[in-house]
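Positions 1 to 129 (the UniProt record's numbering) are the ones given, in order, by the sequence shown.
Glycine included, each C-beta is placed from N, C-alpha and C at the ideal position.
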Amino acid sequence: MVGRGGGKHPFFSLIVLSYNKETFIEKCLQSCINQTFKNIEIIIVDDYSSDKTISILEKYQTIKYLSIIKNTANYGAFASRVIGEQQAKGEYIIHIDGDDFIRTTMCERLYEHCKTKQKDIIACGWINY
1 MVGRGGGKHP FFSLIVLSYN KETFIEKCLQ SCINQTFKNI EIIIVDDYSS
51 DKTISILEKY QTIKYLSIIK NTANYGAFAS RVIGEQQAKG EYIIHIDGDD
101 FIRTTMCERL YEHCKTKQKD IIACGWINY
């Protein structure tokens with residue numbers, strides 16, 4: 001997969017987990033798609049949702065830097081994260097839950113931090129809205 005920024009490999013792989021998140025998944029995806037930092041790929045791992053999550057996700061399947069993985073059973077969060085990581089091509093992996101959304105500058109700010117601090121692992125906090 002070519003990253004959104006056109007490079008051979010994306011800098012960030014955003015792995016989004018979803019399981020029955022029809023109420024939140026669209027806002028989550030929009031927050032990922034609208035990142036100001038463009039060298040990303042988005043991998044959505046749906047953990048066998050039984051609500052309308054899949055039909056919402058399918059509206060996004062034509063986006064070249066976005067892939068949807070549909071689990072054939074409910075494997076749980078840990079296994080689903082591993083499934084997403086196995087497909088990731090980014091230099092760094094960012095995990096996002098399907099009921100979360102991120103600021104449009106999150107990847108840009110993390111990129112700057114990666115480059116200036118030269119760290120292998122970066123953690124960031126969260127805000128409960």
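Item: In chain order, each beta strand (DSSP E) run of at least 3 residues that lies wholly inside the region 28-88; Value: 40-46 and 66-70
Item: Secondary structure of H95, DSSP reduced to three states; Value: strand
Item: Nonlocal neighbours in the same chain, by C-beta distance under 6 angstroms from G84, ignoring five residues either side; Value: I15, I43 and V45
Item: Limits of the alpha helix (DSSP H) - the one that Y19 falls within; Value: Here Y19 belongs to no alpha helix (DSSP H), and DSSP marks it neither H nor E.
Item: Closest by C-alpha distance to K70, when choosing among E112, N20, P10 and F101; Value: N20
Item: Cα-Cα separation, S18 to F78; Value: 12 angstroms
Item: Same chain, Cβ closer than 6 angstroms to S80, neighbours up to 5 away in sequence not counted; Value: L17, V45 and D47
Item: Through-space distance from D120 to S31, alpha-carbon basis; Value: 24 angstroms
Item: Backbone secondary structure at I102 - three-state DSSP; Value: coil
Item: I54 beta carbon less than 7 angstroms from that of E26; Value: no
Item: F24 vs D99 beta-carbon contact at 7 angstroms; Value: yes
Item: Counted within 10 angstroms of its Cβ, other Cβ atoms place I102 as buried (16 or more) or exposed; Value: buried
Item: Proximity below 7 angstroms, CB of I40 to CB of C124; Value: no
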